[in-house]
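**Student:**
Numbering (the numbering used here), first residue to last: 9 to 478.
1) From the DSSP secondary-structure annotation, give me the bridge partner or partners of residue 386.
2) I need the straight-line Cα distance from residue 212 to residue 21, nearest angstrom please.
3) May I ask which residues mark the beginning and end of the alpha helix (DSSP H) holding residue 127?
4) Under the rule that 16 or more other beta-carbon atoms within 10 Å means buried, what is residue 78, buried or exposed?
5) Cβ of residue 339 within 9 angstroms of Cβ of residue 331?
6) Decide if residue 223 is buried, meaning its Cβ has at least 16 other Cβ atoms within 10 Å, or exposed.
7) By alpha-carbon positions, which one of 299, 283, 386 and 426 ends up nearest to residue 350?
8) I'd like the list of long-range same chain contacts for residue 460, defined as Cβ closer than 7 angstroms, with 5 residues on each side in sequence excluded.
9) Under three-state DSSP, which class holds residue 263?
10) Contact defined as beta carbons within less than 8 angstroms: I believe residue 374 pairs with residue 123. What is the distance between those atoms, to the nearest angstrom?
11) When DSSP labels each residue in this structure, what does residue 392 get in the three-state scheme?
12) Rounded to whole angstroms, what is the Cα-Cα separation between residue 192 and residue 156?
13) Might you give, ordered along the chain, the residues of its own chain that have their beta carbon closer than 8 angstroms to the beta carbon of residue 325, omitting 5 neighbours on each side?
14) From the DSSP output, in three-state form, read off residue 83 for me.
15) Please report the straight-line C-alpha distance between residue 464 and residue 425, rounded to a whole angstrom.
16) Sorted by chain position, which residues of the same chain lie with C-beta nearer than 6 angstroms to residue 472's C-beta, five sequence neighbours on each side aside?
17) Which residue spans inside the segment 244-301 form an unbroken alpha helix (DSSP H) run of at least 4?
18) Give every residue of the same chain whose Cβ lies closer than 7 angstroms to the Cβ of residue 38, excluding the five residues on either side of it in the sequence, and list them in chain order.
19) Would you please state the rounded distance, in angstroms, between the beta carbons of residue 208 and residue 141? I believe it to be under 8 angstroms.
20) I'd like the list of long-range same chain contacts for residue 347, defined as Cβ closer than 7 angstroms, with 5 residues on each side in sequence excluded.
21) Counting Cβ pairs closer than 8 angstroms, one from the segment 67-77 and one from the segment 230-238, do we hit at least three?
22) Could you say if the segment 164-179 and the segment 125-132 meet the contact criterion of at least three C-beta pairs nearer than 8 angstroms?
23) For residue 16 and chain B, any beta-carbon pair shorter than 9 angstroms?
24) Kindly provide the ranges of any alpha helix (DSSP H) runs that are 4 or more residues long and lie completely inside the segment 176-244, ordered along the chain.
25) So the beta strand (DSSP E) residue 12 belongs to, where does it begin and stop?
26) Going by DSSP, which residues form a beta bridge with residue 411?
27) For residue 427, is the classification buried or exposed, using 16 other Cβ atoms within 10 angstroms of its Cβ as the cut-off for buried?
28) Can you grab the Cα-Cα spacing for the pair residue 329 / residue 300, in whole Å?
29) What first and last residue would you give for the beta strand (DSSP E) that runs through residue 44?
30) Classify residue 98 as helix, strand or coil using the three-state DSSP reduction.
31) Is the segment 181-196 in contact with the segment 159-169, if contact means three or more CB pairs nearer than 8 angstroms?
32) May I have the straight-line CA-CA distance separating residue 196 from residue 88, to the nearest angstrom?
33) Among 389, 450 and 443, whose alpha-carbon lies nearest the alpha-carbon of residue 416?
34) Just the C-alpha distance for residue 404 and residue 467, rounded to the nearest angstrom, thanks.
35) Within its chain, find whatever has a CB closer than 7 angstroms to the CB of residue 187; leave out the 5 residues flanking it on each side and keep chain order.
Laid out in structure tokens, this is it:
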């Protein structure tokens with residue numbers, strides 16, 4: 009049986025302002041109706057797999073859970089890292105999770121932020137790789153290159169190996185991101201693949217190889233999994249043990265050192281969406297070479313990527329540009345500088361701003377909130393509470409709140425008194441009142457919250473009880 013392991017870490021800073029620290033690119037809808045995480049899970053349909061394990065940072069747990077819930081893939085299957093430690097430890101957590109259940113599945117390790125154009129080719133490659141993984145090989149998937157890319161690592165193939173009519177190649181060498189002349193030589197030789205960062209191997213075989221080559225990582229992850237704390241849909245590891253784990257990629261820790269590595273070719277359109285220019289390359293374009301997302305008007309403009317999250321964006325007489333508009337930030341850049349967007353993110357951090365960390369719209373365990381307007385003594389939010397969910401029982405020292413229901417039904421408790429609010433009804437929550445808000449219905453509860461007071465910070469919350477353990 010195959011256990012998919014979805015790596016949902018990373019910040020995706022080159023895709024700012026859409027990608028933020030608390031809403032990185034794997035949780036965004038960049039290509040179609042599903043987020044990249046959801047598309048990765050949907051790509052598994054038709055394969056004989058267990059419910060996938062998703063591995064992400066503690067701070068991303070609620071957005072990950074909500075996106076799994078939306079596609080009916082949420083089954084206590086999110087492993088939380090207290091801090092990022094790269095891919096080798098993350099895969100070890102997944103392997104130990106399976107072993108602790110008395111299983112030894114094939115781990116299909118996938119990144120949550122890749123675009124793969126041909127699902128059938130992907131699944132055929134997985135089927136071929138299964139033959140070798142069952143025979144205790146560590147399989148990596150090599151993308152058949154279509155250009156001399158300098159932004160990808162490469163895998164040099166060695167001798168051909170066949171097993172039950174499945175074909176693979178011994179791994180001769182892993183190569184770092186090359187200069188252009190070297191990349192051209194790789195392409196012309198026909199012996200190199202792009203390193204996809206996708207793998208298939210037995211949980212026990214991976215742990216055996218990890219212990220042989222990086223016993224420090226193996227020991228730290230084993231200790232971290234010795235004291236697991238189940239929490240709602242999450243699997244929490246021992247934070248102190250995991251924080252002591254070295255940070256290392258699976259390539260460096262295992263794949264470059266093992267003698268059991270093979271590469272299975274995968275011929276499909278593939279991208280790790282490392283920048284806005286790469287997203288332009290792999291998106292459908294109009295007759296002028298433009299990619300338009302949202303409400304966009306274009307006149308005498310060619311070869312641009314334009315995204316409008318809210319409102320209208322118009323371009324006039326521009327070429328080879330990236331224009332991305334969100335609720336609270338706008339990026340304008342030439343496509344050839346798109347890789348440098350991370351410098352903007354770094355500058356925002358140095359200036360003490362927050363636009364690189366969060367969007368105006370924030371996901372919560374109960375739903376989401378969107379800050380519509382803010383002044384010195386007031387703030388207006390659009391609150392969405394999912395069916396059956398409840399905000400914590402809380403109070404505020406410095407602000408009062410007004411709630412106006414615009415859709416659904418609200419169960420409001422203020423100082424122990426319960427009342428139901430229907431559409432177009434409102435309630436006042438005085439400063440210092442102990443209160444809670446719940447959606448008892450089967451459709452989303454939407455309301456407008458108006459806060460007023462001397463201090464409106466999120467830390468002015470005293471929680472008395474909370475379903476989500478905050």
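Backbone N, C-alpha and C define an ideal beta-carbon position, used for all residues, glycine too.
Predicted, not measured: the structure shown is a model, and the values here were computed from it.
**Tutor:** Straight from the coordinates:
1) 460
2) 34 angstroms
3) 127-142
4) exposed
5) yes
6) exposed
7) 283
8) 385, 386, 407 and 408
9) helix
10) At roughly 31 angstroms, the Cβ-Cβ gap does not stay under 8 angstroms, so residue 374 and residue 123 are not in contact.
11) strand
12) 5 angstroms
13) 307, 308 and 309
14) coil
15) 25 angstroms
16) 401
17) 247-251 and 284-289
18) 44, 281 and 287
19) 5 angstroms
20) 22 and 283
21) no
22) no
23) Among the chains in the structure shown there is no chain B, since it carries only a single protein chain.
24) 188-197, 211-221 and 223-234
25) 10-15
26) 435 and 457
27) exposed
28) 12 angstroms
29) Counting along the chain, residue 44 falls outside any beta strand (DSSP E), though it belongs to the alpha helix (DSSP H) covering 44-50.
30) helix
31) yes
32) 43 angstroms
33) 450
34) 9 angstroms
35) 158
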